[in-house]
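To start, the structure itself, in C-alpha cells.
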Amino acid sequence: MTSINAPDASITFPRGIDNSNIVGYYLDTSSKYHGFLYNGSTWTTIDNPMAYGNSATYIEGIEGNYLVGYHYDEFSNPHGFIYTIPEPATLLLLVFGGLLIRKRK
Numbered sequence: 002m003t004s005i006n007a008p009d010a011s012i013t014f015p016r017g018i019d020n021s022n023i024v025g026y027y028l029d030t031s032s033k034y035h036g037f038l039y040n041g042s043t044w045t046t047i048d049n050p051m052a053y054g055n056s057a058t059y060i061e062g063i064e065g066n067y068l069v070g071y072h073y074d075e076f077s078n079p080h081g082f083i084y085t086i087p088e089p090a091t092l093l094l095l096v097f098g099g100l101l102i103r104k105r106k
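Start counting the sequence shown at 2; every next residue gets the next number (our numbering).
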C-alpha cells in the first residue's frame, strides 16, 4: 500500500487511475477543494476557470488524456466538465510562448 497526499493538503481523495496517472481532489489548508493530476512524481493542481468565485473543483475520473469532473456555479448548481491533458510538446510550447510574451511586455 502507498499513501497519496497532495502537497499542503489536509485531506486527499484519489478518485481514478489510468496507467501511471492518478486523479482526484484535495482540501487545502484554506478549506478550498482543488482537482489534481499526479503522475507518480509531479502534482498538478487543476482548478476549473468556470467555477464561481471560491468554488471547488472535483476531478472524478481519467481515461487516457481526458479527465472528468464537476464544479459549482454562483447558485450552487453543479456543472460537469471534461479536461484534456495537454501533450508534453503542447505544454512546452505554452510555457515557452508564455515566457516570450512576458519578455516582450
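The beta carbon of each residue, even a glycine, is placed where N, CA and C say it ideally should be.
- For Asn66, the closest C-alpha among the options Ile83, His72 and Phe76 is that of Ile83.
- Ala10 carries a strand assignment under DSSP once its states are collapsed to helix, strand and coil.
- Inclusion of Tyr71 and Gly81 in the CB contact set at 8 Å is warranted, their separation being smaller than that value.
- In the DSSP assignment, Glu61 falls within the beta strand (DSSP E) that extends over Thr58 to Glu64.
- Beyond the five residues adjoining it in sequence on each side, Asp48 comes within less than 8 Å, by CB distance, of His35, Gly36 and Thr58 in the same chain, given in chain order.
- Thr43 has no beta-bridge partner at all, per DSSP.
- From the listed residues Val69, Ile12 and Gly41, the smallest Cα separation to Ser32 is found for Ile12.
- For Ile83, the uninterrupted beta strand (DSSP E) segment begins and ends at Pro79 to Thr85.
- Counting other Cβ atoms within 10 Å of its Cβ, Ile18 stays below 16 and is therefore classed as exposed.
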